[in-house]
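Enquirer: Below is a structure I'd like to ask you about.
Protein chains: 4
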Amino acid sequence: MRKLSDAGLRVFAERGYHAARVDDIVRSARTSHGTFYLYFANKEDLLRALAVECADSLFELADALGEIEGEFGYEELRAFLAEFLGIYRSYGVVIRAWMEDQVPDRDVARTGVKAYTAIAKRLAVRLEESGSVQPVDAATSVSALMAMLERFNYAVSSRGLGAHDDETLDTVARLVGQGFFGIGVSRPA
Amino acid sequence: MRKLSDAGLRVFAERGYHAARVDDIVRSARTSHGTFYLYFANKEDLLRALAVECADSLFELADALGEIEGEFGYEELRAFLAEFLGIYRSYGVVIRAWMEDQVPDRDVARTGVKAYTAIAKRLAVRLEESGSVQPVDAATSVSALMAMLERFNYAVSSRGLGAHDDETLDTVARLVGQGFFGIGVSRPA
Amino acid sequence: MRKLSDAGLRVFAERGYHAARVDDIVRSARTSHGTFYLYFANKEDLLRALAVECADSLFELADALGEIEGEFGYEELRAFLAEFLGIYRSYGVVIRAWMEDQVPDRDVARTGVKAYTAIAKRLAVRLEESGSVQPVDAATSVSALMAMLERFNYAVSSRGLGAHDDETLDTVARLVGQGFFGIGVSRPA
Amino acid sequence: MRKLSDAGLRVFAERGYHAARVDDIVRSARTSHGTFYLYFANKEDLLRALAVECADSLFELADALGEIEGEFGYEELRAFLAEFLGIYRSYGVVIRAWMEDQVPDRDVARTGVKAYTAIAKRLAVRLEESGSVQPVDAATSVSALMAMLERFNYAVSSRGLGAHDDETLDTVARLVGQGFFGIGVSRPA
DNA sequence: CATGAATGAGTGTTCATTCAT
DNA sequence: AATGAATGAACACTCATTCAT
Numbered sequence: 002m003r004k005l006s007d008a009g010l011r012v013f014a015e016r017g018y019h020a021a022r023v024d025d026i027v028r029s030a031r032t033s034h035g036t037f038y039l040y041f042a043n044k045e046d047l048l049r050a051l052a053v054e055c056a057d058s059l060f061e062l063a064d065a066l067g068e069i070e071g072e073f074g075y076e077e078l079r080a081f082l083a084e085f086l087g088i089y090r091s092y093g094v095v096i097r098a099w100m101e102d103q104v105p106d107r108d109v110a111r112t113g114v115k116a117y118t119a120i121a122k123r124l125a126v127r128l129e130e131s132g133s134v135q136p137v138d139a140a141t142s143v144s145a146l147m148a149m150l151e152r153f154n155y156a157v158s159s160r161g162l163g164a165h166d167d168e169t170l171d172t173v174a175r176l177v178g179q180g181f182f183g184i185g186v187s188r189p190a
Numbered sequence: 002m003r004k005l006s007d008a009g010l011r012v013f014a015e016r017g018y019h020a021a022r023v024d025d026i027v028r029s030a031r032t033s034h035g036t037f038y039l040y041f042a043n044k045e046d047l048l049r050a051l052a053v054e055c056a057d058s059l060f061e062l063a064d065a066l067g068e069i070e071g072e073f074g075y076e077e078l079r080a081f082l083a084e085f086l087g088i089y090r091s092y093g094v095v096i097r098a099w100m101e102d103q104v105p106d107r108d109v110a111r112t113g114v115k116a117y118t119a120i121a122k123r124l125a126v127r128l129e130e131s132g133s134v135q136p137v138d139a140a141t142s143v144s145a146l147m148a149m150l151e152r153f154n155y156a157v158s159s160r161g162l163g164a165h166d167d168e169t170l171d172t173v174a175r176l177v178g179q180g181f182f183g184i185g186v187s188r189p190a
Numbered sequence: 002m003r004k005l006s007d008a009g010l011r012v013f014a015e016r017g018y019h020a021a022r023v024d025d026i027v028r029s030a031r032t033s034h035g036t037f038y039l040y041f042a043n044k045e046d047l048l049r050a051l052a053v054e055c056a057d058s059l060f061e062l063a064d065a066l067g068e069i070e071g072e073f074g075y076e077e078l079r080a081f082l083a084e085f086l087g088i089y090r091s092y093g094v095v096i097r098a099w100m101e102d103q104v105p106d107r108d109v110a111r112t113g114v115k116a117y118t119a120i121a122k123r124l125a126v127r128l129e130e131s132g133s134v135q136p137v138d139a140a141t142s143v144s145a146l147m148a149m150l151e152r153f154n155y156a157v158s159s160r161g162l163g164a165h166d167d168e169t170l171d172t173v174a175r176l177v178g179q180g181f182f183g184i185g186v187s188r189p190a
Numbered sequence: 002m003r004k005l006s007d008a009g010l011r012v013f014a015e016r017g018y019h020a021a022r023v024d025d026i027v028r029s030a031r032t033s034h035g036t037f038y039l040y041f042a043n044k045e046d047l048l049r050a051l052a053v054e055c056a057d058s059l060f061e062l063a064d065a066l067g068e069i070e071g072e073f074g075y076e077e078l079r080a081f082l083a084e085f086l087g088i089y090r091s092y093g094v095v096i097r098a099w100m101e102d103q104v105p106d107r108d109v110a111r112t113g114v115k116a117y118t119a120i121a122k123r124l125a126v127r128l129e130e131s132g133s134v135q136p137v138d139a140a141t142s143v144s145a146l147m148a149m150l151e152r153f154n155y156a157v158s159s160r161g162l163g164a165h166d167d168e169t170l171d172t173v174a175r176l177v178g179q180g181f182f183g184i185g186v187s188r189p190a
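Chains as they are written, first to last, in this note's numbering: chain A, 2 to 190; chain B, 2 to 190; chain C, 2 to 190; chain D, 2 to 190.
What follows is the structure in structure tokens.
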């Protein structure tokens with residue numbers, strides 16, 4: 002039930018997965034404990050469901066990345082980043098929960114890693130095609146890229162800096178392009 | 002008491018702060034519940050104590066950064082990174098706990114941010130002096146740098162990749178130097 | 002919930018407030034720990050609730066005292082005493098707990114004192130109206146009266162002397178009438 | 002050790018027997034936990050020791066009551082009351098602890114009751130000798146007398162009314178004399 | 001004699017989960 | 001389908017008591 006998933010996302014984001022009480026979620030969704038357990042086996046199951054939702058979004062993003070025709074330059078990179086950061090904005094808690102060992106469920110972690118890998122691969126392909134990539138080491142640098150995006154995005158959103166405005170997006174895009182892939186991007190005037 | 006702090010670090014790292022049971026910590030320290038509460042007011046107090054320890058290490062690192070004479074090039078950057086990643090290796094959980102909203106104590110969070118800021122400032126100064134810096138935007142890029150180091154380091158250590166060997170250190174150093182500060186570093190032969 | 006209040010009264014009476022275990026209360030009420038904390042914030046809150054119940058009974062008694070028409074002689078005094086001792090029989094522990102400094106909650110103590118004062122005032126009025134009162138000192142003697150009733154009643158009930166039979170009631174009534182208020186009461190033949 | 006007994010009396014009086022912590026007593030006596038258990042088997046043993054002290058004082062009072070030559074009138078009653086209330090001031094907690102079922106030790110309770118009975122007997126004898134006694138019922142009224150003194154004294158001391166001044170003593174003396182024993186005492190001018 | 005760090009059984013409290021309605 | 005009162009296992013924390021120094 003959407004009401005509950007949304008409430009879960011809200012409460013997890015506010016308090017963190019472990020500190021979140023089923024009671025908080027249920028109250029936030031204006032429903033009852035009974036209903037919660039009608040749709041989810043338990044609290045962890047809600048996290049799993051949210052993780053799947055998140056993974057789906059990431060897979061979609063990966064597909065979109067593969068379907069772009071023509072050159073993959075600064076604008077495209079920037080558009081991708083905006084997309085990715087948006088997903089992170091919604092599912093940050095879930096991503097962090099599965100990345101860290103807060104949840105014992107191995108399947109959730111695996112799904113997450115798979116989604117991440119899908120994106121990483123597509124991105125690597127795209128950038129290589131564009132001919133401007135000179136990654137220090139593919140695996141390491143893509144990992145570092147994702148890491149930075151995740152953590153940076155968290156910092157930005159938690160500092161209450163609000164939406165990712167153009168300035169921020171540009172900075173990140175240039176950092177990623179120049180630093181990780183050697184795209185000497187000066188923002189097109 | 003050292004035994005307990007160490008055990009806390011171990012257990013927090015294994016299970017995460019919230020999932021960690023006082024009983025686990027006590028058992029890991031081969032001591033009793035009573036002893037735990039002799040030295041710490043409660044579980045959160047242990048986190049606070051560890052956070053202070055961590056912050057001290059970071060402040061020391063900041064000072065060391067300020068006292069380096071002469072040029073601040075690749076080797077110095079690499080040494081700094083090794084140092085920083087080492088601290089993160091020990092205090093990762095604590096850093097993440099205070100960075101995320103897992104702990105209600107505002108003082109802990111403030112101390113952590115202060116320590117981070119101290120490092121960030123010194124680093125910015127050092128790199129500017131070295132003349133090779135062309136940061137996209139100082140505040141943003143240093144923030145991103147710290148973010149990346151944190152998250153990347155976490156990824157590396159949690160994947161069980163073990164110690165930070167030379168290869169990894171070099172990759173990171175080059176990424177940081179080239180990407181964030183425009184230092185065109187090719188590893189000195 | 003009545004089951005829990007009653008069980009609380011029972012267990013507090015048996016073991017005293019401090020020695021009483023929530024587990025005892027819960028078992029005596031044939032319910033669970035969870036249910037206890039569903040209705041009461043904590044052990045002290047149960048005492049508070051019982052104190053309010055007790056205070057209500059005392060206020061009712063005070064009102065009844067004010068509504069008696071006609072003379073207030075031996076029979077009326079005796080009836081009042083029977084009523085008061087009955088309340089004490091049920092809520093003895095609570096009264097003692099709030100009279101002594103066993104409970105940190107100042108509000109509970111204040112409510113109790115207020116209820117006592119209400120009774121004392123009405124009683125003083127009634128007896129003065131009856132014209133036979135020559136109290137040594139109003140404040141002191143009413144205080145002493147209540148004190149005696151409380152403590153005496155406790156002694157009687159804890160010695161297992163069972164219900165307050167006619168003999169006991171008569172003795173107390175005569176003591177109070179003669180000693181405190183100078184009513185030369187010879188038991189009506 | 003006197004230091005510890007005194008500290009025990011202080012702390013028991015402040016917090017009540019159950020709420021009193023051995024740590025409080027030890028700190029109040031400026032000594033250590035080890036020393037406490039050198040002189041007392043456990044917390045209850047300290048209460049026992051204090052109860053014996055208290056009983057001794059009461060037995061002494063009983064003896065003094067028996068050794069008074071000549072008449073036992075208002076002044077003698079008043080002197081006795083002052084003595085009794087003084088003992089209660091010091092040992093109130095202990096008396097209450099043994100009177101109520103707060104302590105499982107049956108011996109303590111028995112000693113206390115014995116001491117009380119000793120006083121009650123002597124007092125009854127003295128008053129009967131004085132020829133002015135017409136107790137309603139010996140057993141009941143003496144019990145009520147002790148009860149009242151105890152409880153009243155508590156009320157007086159806990160209300161912060163300070164020492165038992167002449168006024169209070171006179172009021173109590175007249176109440177007891179007139180009410181319990183029919184001594185028509187008007188304070189000697 | 002004196003100490004106080006260490007102990008662990010015991011207690012209050014929480015919260016995910018169930019089930020009769 | 002929906003409810004929410006009831007449950008009890010699990011956890012944080014306390015404090016009387018011990019014992020090596």
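Ideal Cβ positions, reconstructed from N, Cα and C, are used throughout, including at glycine.
1) Along chain A, which residues have their Cβ under 9 Å away from the Cβ of His19 of chain B?
2) So what does DSSP say about His19 of chain B, is it helix, strand or coil?
3) Kindly list the residues whose CB is nearer than 6 Å to the CB of His34 of chain C, restricted to its own chain and excluding five residues on each side of it in sequence; keep chain order.
4) Helix, strand or coil for Arg11 of chain C? Go by DSSP, reduced to three states.
5) Tell me which same chain residues have a C-beta within less than 7 Å of the C-beta of Glu84 of chain B, skipping the five on either side of it?
6) Would Ala56 of chain D pass as a contact of Val109 of chain D if the rule is Cβ separation under 7 Å?
7) Looking at the secondary structure, which residues open and close the alpha helix (DSSP H) in which Phe41 of chain B lies?
8) Nearest-angstrom Cα distance between Ile88 of chain B and Ser6 of chain B?
9) Check Gly93 of chain B in the structure and name its three-state DSSP category.
10) Short of 7 Å in beta carbon distance, which residues of its chain neighbour Thr112 of chain C, apart from the five on each side in sequence? Order them along the chain.
11) With DSSP as the reference, label Arg31 of chain C as helix, strand or coil.
12) Buried or exposed: where does Ala14 of chain A fall if 16 or more other Cβ atoms within 10 Å of its Cβ makes it buried?
13) Identify which residue in D:Ala116, D:Ile96 and D:Lys4 has its Cα closest to the Cα of Phe37 of chain D.
14) If you compare alpha carbons, which of D:Lys44, D:Met2 and D:Ser29 is closest to Arg11 of chain D?
15) Output yes if chain B places a C-beta closer than 7 Å to the C-beta of Pro136 of chain A; else output no.
16) Could you check the C-alpha separation between Tyr117 of chain A and Gly17 of chain A for me, to the nearest Å?
17) Hey, out of C:His19, C:Thr32, C:Leu59 and C:Ala65, whose CA is closest to Lys44 of chain C's CA?
18) Assign Arg31 of chain C to buried or exposed, taking buried as 16 or more other Cβ atoms, counted over all protein chains shown, within 10 Å of its Cβ.
19) Just checking my contact of Ile120 of chain A with Leu59 of chain A at CB under 8 Å: how many whole Å lie between their CB atoms?
20) Give the secondary structure of Ile69 of chain A by DSSP, where H, G and I count as helix, E and B as strand, and everything else as coil.
21) Residues in the same chain with beta-carbon distance under 8 Å from Phe41 of chain A, minus the five sequence neighbours each way, listed in chain order, please.
22) Among residues of its own chain, excluding the 5 on either side of Val137 of chain C, which ones have a beta-carbon nearer than 6 Å to its beta-carbon?
23) Measuring only the C-alpha atoms, how far is Gly9 of chain D from Ile69 of chain D?
24) Buried or exposed: which applies to Leu98 of chain D, given that a residue is buried once 16 or more other Cβ atoms fall within 10 Å of its Cβ?
25) Identify, in the order they occur along the chain, each residue of the same chain with its Cβ nearer than 6 Å to the Cβ of Val94 of chain A, setting aside the five sequence neighbours on each side.
26) Please classify Gly74 of chain D: does DSSP put it in a helix, a strand, or coil?
27) Excluding sequence positions up to five away, which residues of its chain have a Cβ less than 8 Å from the Cβ of Lys122 of chain B?
Expert: Quick look at the numbers:
1) Mapped onto the second sequence, residue 19 of chain B falls at position 18. Per Cβ cutoff of 9 Å: Gly17, Tyr18, His19, Ala20 and Gln103.
2) Here the question's residue 19 of chain B lines up with position 18 in the second sequence. Coil, per DSSP.
3) Mapped onto the third sequence, residue 34 of chain C falls at position 33. The answer, listed in chain order, is Val27.
4) By one-based count along the third sequence, residue 11 of chain C stands at place 10. Correct three-state label for Arg11 of chain C: helix.
5) Taking the first residue of the second sequence as position 1, residue 84 of chain B is located at position 83. So the qualifying residues of the chain are Leu62.
6) Locating residue 56 of chain D in the fourth sequence gives position 55, counting from the first residue. Locating residue 109 of chain D in the fourth sequence gives position 108, counting from the first residue. Going by C-beta atoms, Ala56 of chain D is not nearer than 7 Å to Val109 of chain D.
7) Position 40 of the second sequence, counted from the start, is the residue given in the question as residue 41 of chain B. Phe41 of chain B -> no alpha helix (DSSP H), and no H or E assigned at all.
8) For the purposes of this step, residue 88 of chain B is identified with residue 87 of the second sequence, where counting begins at 1. For the purposes of this step, residue 6 of chain B is identified with residue 5 of the second sequence, where counting begins at 1. Each residue's Cα considered, the two are about 15 Å apart.
9) The residue labelled residue 93 of chain B in the question sits at position 92 within the second sequence. Gly93 of chain B: helix per DSSP, three-state reduction.
10) As a first step, residue 112 of chain C is located in the third sequence; it is residue number 111 there, counting from the start. Closer than 7 Å at the Cβ level, and outside the excluded window around Thr112 of chain C, lie Ala52, Val53 and Ala56.
11) Numbered from 1 along the third sequence, position 30 holds the residue referred to as residue 31 of chain C. It is coil, neither helix nor strand.
12) As a working note, residue 14 of chain A is residue 13 in the first sequence. Buried, by the Cβ-count rule.
13) Looking up residue 37 of chain D in the fourth sequence gives position 36. Ranking D:Ala116, D:Ile96 and D:Lys4 by Cα distance to Phe37 of chain D puts D:Lys4 first.
14) Sequence index remark: in the fourth sequence, residue 11 of chain D carries index 10 (1-based). Closest option to Arg11 of chain D, Cα to Cα, is D:Ser29.
15) The count along the first sequence starts at 1 and reaches residue 136 of chain A at position 135. The predicted position of Pro136 of chain A is uncertain, since its pLDDT is 45 and thus under 50; a value taken from the coordinates is nonetheless stated next. No, Pro136 of chain A lies away from the interface with chain B (no Cβ there is under 7 Å from its Cβ).
16) Taking the first residue of the first sequence as position 1, residue 117 of chain A is located at position 116. Taking the first residue of the first sequence as position 1, residue 17 of chain A is located at position 16. In a straight line, the C-alpha of Tyr117 of chain A is about 22 Å away from that of Gly17 of chain A.
17) The count along the third sequence starts at 1 and reaches residue 44 of chain C at position 43. When each option's Cα is compared against that of Lys44 of chain C, the closest is C:His19.
18) Here residue 31 of chain C corresponds to residue number 30 of the third sequence, with the count starting at 1. By the 10 Å Cβ count, Arg31 of chain C comes out exposed.
19) As a position in the first sequence, residue 120 of chain A is number 119, starting the count at 1. As a position in the first sequence, residue 59 of chain A is number 58, starting the count at 1. Indeed they touch by this definition, with Cβ atoms about 6 Å apart.
20) Here residue 69 of chain A refers to the residue found at position 68 of the first sequence. Note: Ile69 of chain A maps to coil in three-state DSSP.
21) Here the question's residue 41 of chain A lines up with position 40 in the first sequence. Counting only Cβ-Cβ distances below 8 Å, and skipping sequence neighbours, we find Leu5, Leu47 and Ala50.
22) On the third sequence, position 136 is the one that residue 137 of chain C refers to. Because Val137 of chain C carries a pLDDT of 46, less than 50, the predicted location of this residue cannot be relied on, and no value is offered for it.
23) For the purposes of this step, residue 9 of chain D is taken as the residue at position 8 of the fourth sequence. For the purposes of this step, residue 69 of chain D is taken as the residue at position 68 of the fourth sequence. For Gly9 of chain D and Ile69 of chain D, the distance between alpha carbons rounds to 34 Å.
24) Working through the fourth sequence from its first residue, we reach residue 98 of chain D at position 97. The question names Leu, yet the displayed sequence has Ala at residue 98 of chain D. Flag for Ala98 of chain D reads buried.
25) One-based indexing of the first sequence puts residue 94 of chain A at position 93. Only Phe13 and Ala14 meet the Cβ criterion.
26) Reading the fourth sequence from its first residue, position 73 is the one you call residue 74 of chain D. Residue state, collapsed to three classes: coil.
27) The residue labelled residue 122 of chain B in the question sits at position 121 within the second sequence. Once the five neighbours on either side are set aside, the close Cβ partners of Lys122 of chain B are Ala63.
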